[in-house]
Amino acid sequence: MAVDKRMTIAEVVDEIRDGMTVGIGGWGSRRKPMALVRAIARARRRNLTLVTYGGPDVGLLVAEGCVERVVTGFVSLDSIPLEPHFRRARSAGTLLLTEYDEGMLYWGLLAAANRLPFLPIRAGLGSDVMRVNPDLRTVHSPYLDGTELVAMPAVNIDVSLVHLNRVDAGGNGRYLGPDPYFDDLFCLAAKRRFVSCERLLSTEELIGSGPPQTLLTNRSMVDGVVETPHGAHFTSCVPDYGRDEEFQREYATADWNTFRARYLDGDEDDYQKAVARWRGTMDDYQKAVAG
Amino acid sequence: MTRAETCVVACAEAWRGDGAVLAGTAGLIPQLGARLAQLTFAPELLVTDGEATLLRDGEVEGWLPYRAVFAMVAAGTRHVMMGASQLDRFGNQNISCVGPWERPTSQLLGVRGAPGNTINHTTSYWVPRHSPRVFVERVDMVSGIGHDRGAHEIRRVITNLAVLDFETPDRSMRLRSVHPGVTVGEVIAATGFALTIPDEVPPTREPSDEELKLIREHLDPHGLRET
Numbered sequence: 001m002a003v004d005k006r007m008t009i010a011e012v013v014d015e016i017r018d019g020m021t022v023g024i025g026g027w028g029s030r031r032k033p034m035a036l037v038r039a040i041a042r043a044r045r046r047n048l049t050l051v052t053y054g055g056p057d058v059g060l061l062v063a064e065g066c067v068e069r070v071v072t073g074f075v076s077l078d079s080i081p082l083e084p085h086f087r088r089a090r091s092a093g094t095l096l097l098t099e100y101d102e103g104m105l106y107w108g109l110l111a112a113a114n115r116l117p118f119l120p121i122r123a124g125l126g127s128d129v130m131r132v133n134p135d136l137r138t139v140h141s142p143y144l145d146g147t148e149l150v151a152m153p154a155v156n157i158d159v160s161l162v163h164l165n166r167v168d169a170g171g172n173g174r175y176l177g178p179d180p181y182f183d184d185l186f187c188l189a190a191k192r193r194f195v196s197c198e199r200l201l202s203t204e205e206l207i208g209s210g211p212p213q214t215l216l217t218n219r220s221m222v223d224g225v226v227e228t229p230h231g232a233h234f235t236s237c238v239p240d241y242g243r244d245e246e247f248q249r250e251y252a253t254a255d256w257n258t259f260r261a262r263y264l265d266g267d268e269d270d271y272q273k274a275v276a277r278w279r280g281t282m283d284d285y286q287k288a289v290a291g
Numbered sequence: 001m002t003r004a005e006t007c008v009v010a011c012a013e014a015w016r017g018d019g020a021v022l023a024g025t026a027g028l029i030p031q032l033g034a035r036l037a038q039l040t041f042a043p044e045l046l047v048t049d050g051e052a053t054l055l056r057d058g059e060v061e062g063w064l065p066y067r068a069v070f071a072m073v074a075a076g077t078r079h080v081m082m083g084a085s086q087l088d089r090f091g092n093q094n095i096s097c098v099g100p101w102e103r104p105t106s107q108l109l110g111v112r113g114a115p116g117n118t119i120n121h122t123t124s125y126w127v128p129r130h131s132p133r134v135f136v137e138r139v140d141m142v143s144g145i146g147h148d149r150g151a152h153e154i155r156r157v158i159t160n161l162a163v164l165d166f167e168t169p170d171r172s173m174r175l176r177s178v179h180p181g182v183t184v185g186e187v188i189a190a191t192g193f194a195l196t197i198p199d200e201v202p203p204t205r206e207p208s209d210e211e212l213k214l215i216r217e218h219l220d221p222h223g224l225r226e227t
């Protein structure tokens, strides 16, 4: 009988303390653990360092003043190329940035996952990534070629948060969409690892829900499991649901204090209800427009 | 024949002769160009849906999640056509931010995969509005590296006015062709640094009847390229 790792959202947030380095899975505005992100924002954690392929996870936590530094290669909402809250904070000079090439970040997670101090990579050479990260060093191949490469340092993480489609109570987890992103590496690179999911299944049901190669996490990679239906909203969680483009637009354009009062002041349940109410209003509006 | 159709064909031409490499694209015109090339003179080209699926003429032919894209980047089996907020005469590109990096006047995307792309494999650029704001003496943040910083190959820059390349002794930017209806003077005026201008600048080649038919009836029947 496997250890039961089920937790509440509040219990996950209790594990995150001010100043920690938090890894967030997904990619841009795709399969982000948004229910957990919202809960961190509500709990008003401070001075976090986020490691992420950045999307609204970055924007939301930055807008709530939780973030000191972002370690990333980009921050984008995909269908809306530029993240407004991230942009605002960068221009205000209130946010520190460790800017890497996307492949460098992958390599840094891979190094951490393999307990290596660094991994060599070409990406970064010649670019201003070297200028804005003066601590980056290069290495030379010890073989006859002598090639100079970037020594991408391990990106070590205190707590990682990822969202998957199906998980069992022990932490075996499956993605059902087209891309695993780097969620397994975020778990392997972190000291503590929490997985939220659309549906919690028995191990037997989980195994029956897809082919074995889509089982991205095993029990050794996960410390806690939370069932959060619609927990990636408004990012995509294919095939359970696509991105909520209209709501993402609302997030990107609404006055922040209004958005917070409407969607973030309650708990996750209140958020989902508020989104449903907003959705109803939108549908009425569209029906009216359609005549 | 419209300007957008000329641009689609000019983008397609960038991949001519590449063989079985992955065509990465940012934006509709380069995407139409890659698909057109795959359907005509570059049948080996690999094209994705912009996410994790490889497509041949719109039909699924394979799987390519991000981690596999990074492997193709490192292996060099890719030719990407990126956008550029700024571009200089050696092909250094910026998509990260405008102004000082420490506190930008305008934060853009971040470097994304531009450093890794440009050092590992062939890169081209698509610039929908050719202007001195894009074509600058010096970019604010080198995201994609140019030929003076060790780029693998910056092959083409396709804009709404012209096609540019780097076929000069010092691999700096040269005017390769002007689109029908555009003068050399217009391109010079829209470029914030001195281009190499050949004595004879040919017009960008016009799409063939077959190419026009594919673009209009098959690839983009709703004419999104014109918007």
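Chains as they are written, first to last, in this note's numbering: chain F, 1 to 291; chain C, 1 to 227.
Just so it is clear, CB atoms sit at the ideal spot from N, CA and C, and this is done for glycine as well.
Fair warning: this is a prediction, and the values are worked out from it, not measured in the lab.
So what's tyrosine 279 of chain F in DSSP terms, helix, strand or just coil?
-> Note that residue 279 of chain F is arginine in the sequence shown here, rather than tyrosine. In the structure shown, arginine 279 of chain F sits in a helix (DSSP, three-state: H, G or I).
Cβ-based neighbour list, glutamate 61 of chain C, same chain, cut-off 7 angstroms, excluding 5 preceding and 5 following = Closer than 7 angstroms at the Cβ level, and outside the excluded window around glutamate 61 of chain C, lie Leu54, Leu55.
Quick one: which residues of the stretch 110-128 of chain C get their C-beta closer than 9 angstroms to a C-beta of chain F? List them in chain order.
-> Gly110, Val111, Arg112, Gly113, Ala114, Pro115, Gly116, Asn117, Thr118, Ile119, Asn120
For glutamate 99 of chain F, which option in C/Leu224, C/Arg103, C/Gly110 has the closest C-alpha, if you only look at C-alpha atoms?
-> Out of C/Leu224, C/Arg103, C/Gly110, C/Gly110 has the C-alpha closest to the C-alpha of glutamate 99 of chain F.
Output the boundary residues of the alpha helix (DSSP H) element that contains glycine 76 of chain C.
-> It is not in any alpha helix (DSSP H) - glycine 76 of chain C carries neither H nor E in the DSSP assignment.
Assuming serine 160 of chain F contacts cysteine 187 of chain F (C-beta within less than 8 angstroms), just tell me the rounded distance between them.
-> 5 angstroms
Kindly indicate if chain C contains any beta-carbon less than 7 angstroms away from that of valine 70 of chain F.
-> No, valine 70 of chain F does not count as interfacial toward chain C.
Would the beta-carbon of lysine 5 of chain F fall within 7 angstroms of that of glycine 173 of chain F?
-> In this structure, glycine 173 of chain F does not lie closer than 7 angstroms to lysine 5 of chain F by Cβ.
Based on the DSSP secondary-structure assignment, which residues constitute the bridge partners of histidine 140 of chain F?
-> F/Glu148
Buried or exposed (CB count within 10 angstroms, at least 16 for buried), serine 127 of chain F | Of the other Cβ atoms in all chains shown, 16 or more fall within 10 Å of the Cβ of serine 127 of chain F; this residue is therefore buried.
Grab the span of the alpha helix (DSSP H) containing cysteine 11 of chain C for me, first residue to last.
-> 3-14
Does the ligand ATP have even one heavy atom less than 6 angstroms from the beta-carbon of aspartate 199 of chain C?
-> With respect to the ligand ATP, the structure shown offers nothing to examine, as it has no ligands at all.
If we cut at 7 angstroms on Cβ distances, does glycine 23 of chain F have a partner in chain C?
-> Not one beta carbon of chain C lies nearer than 7 angstroms to the beta carbon of glycine 23 of chain F.
Assign valine 289 of chain F to buried or exposed, taking buried as 16 or more other Cβ atoms, counted over all protein chains shown, within 10 Å of its Cβ.
-> exposed
Segment limits, alpha helix (DSSP H) that includes tyrosine 106 of chain F | Per DSSP, tyrosine 106 of chain F belongs to the alpha helix (DSSP H) from 102-113.
At 9 angstroms on the CB atoms, spell out the chain C contacts of tyrosine 143 of chain F, in chain order.
-> Going along chain C, no residue has its Cβ under 9 angstroms from tyrosine 143 of chain F, so there is no contact; the nearest lies around 18 angstroms.
Chain-ordered chain C contacts of aspartate 179 of chain F [CB-CB under 8 angstroms] | Glu51, Ala52, Pro65, Tyr66
Report yes if the CB atom of valine 157 of chain C is closer than 7 angstroms to the CB atom of valine 178 of chain C, and no otherwise.
-> no
Are the C-beta atoms of glycine 150 of chain C and some chain F residue less than 7 angstroms apart?
-> yes
Whose CA, out of F/Phe194, F/Asp267, F/Glu205, F/Thr258, lies closest to the CA of methionine 7 of chain F?
-> F/Phe194
Within 10 angstroms of its Cβ, does arginine 225 of chain C collect 16 or more other Cβ (buried), or is it exposed?
-> buried
Beta-bridge partners of leucine 200 of chain F, as assigned by DSSP | F/Val167
By the criterion of Cβ-Cβ separation under 9 angstroms, what are the contact partners of valine 155 of chain F in chain C?
-> Annotation: valine 155 of chain F has no Cβ neighbours in chain C at a cutoff of 9 angstroms; minimum Cβ distance is about 15 angstroms.
Given that a residue counts as buried once 16 or more other Cβ atoms are within 10 Å of its Cβ, and exposed if not, what is asparagine 218 of chain F?
-> exposed
Contact between the stretch 75-86 of chain F and the stretch 96-104 of chain C: three or more CB pairs below 8 angstroms?
-> no
Quick one, are the C-beta atoms of lysine 32 of chain F and glycine 23 of chain F less than 7 angstroms apart?
-> Cβ distance not < 7 angstroms, so lysine 32 of chain F and glycine 23 of chain F don't count as in contact.
Give the DSSP-derived three-state secondary structure of threonine 227 of chain C in the structure shown.
-> coil
Below-7 angstroms beta-carbon distance, valine 132 of chain F vs any chain C residue = Valine 132 of chain F counts as touching chain C.
Excluding the 5 residues preceding and the 5 following serine 236 of chain F in the sequence, name in chain order all residues of the same chain whose CB lies nearer than 8 angstroms to its CB.
-> Ser29, Arg30, Arg31, Gly177, Gly242, Arg243
If you measure from the beta carbon of arginine 44 of chain F to each beta carbon in chain C, is any gap under 7 angstroms?
-> no
Leaving out five residues before and five after serine 124 of chain C in sequence, what residues of the same chain have Cβ atoms less than 6 angstroms from its Cβ?
-> Ala14, Met81, Arg155, Arg156
Exposed or buried, glutamate 211 of chain C, counting other C-beta atoms within 10 Å across all chains shown (16 or more means buried)?
-> buried
Count the other CB atoms, across all protein chains shown, that sit within 10 Å of the CB of aspartate 57 of chain F; report buried if there are 16 or more and exposed otherwise.
-> buried
Proximity winner among C/Met173, C/Glu44, C/Thr204, relative to valine 182 of chain C (alpha-carbon distances) = C/Thr204
Would you check if there are 3 or more beta carbon pairs closer than 8 angstroms linking the stretch 162-172 of chain F to the stretch 197-212 of chain F?
-> yes
Are the CB atoms of threonine 159 of chain C and valine 136 of chain C nearer to each other than 7 angstroms?
-> no
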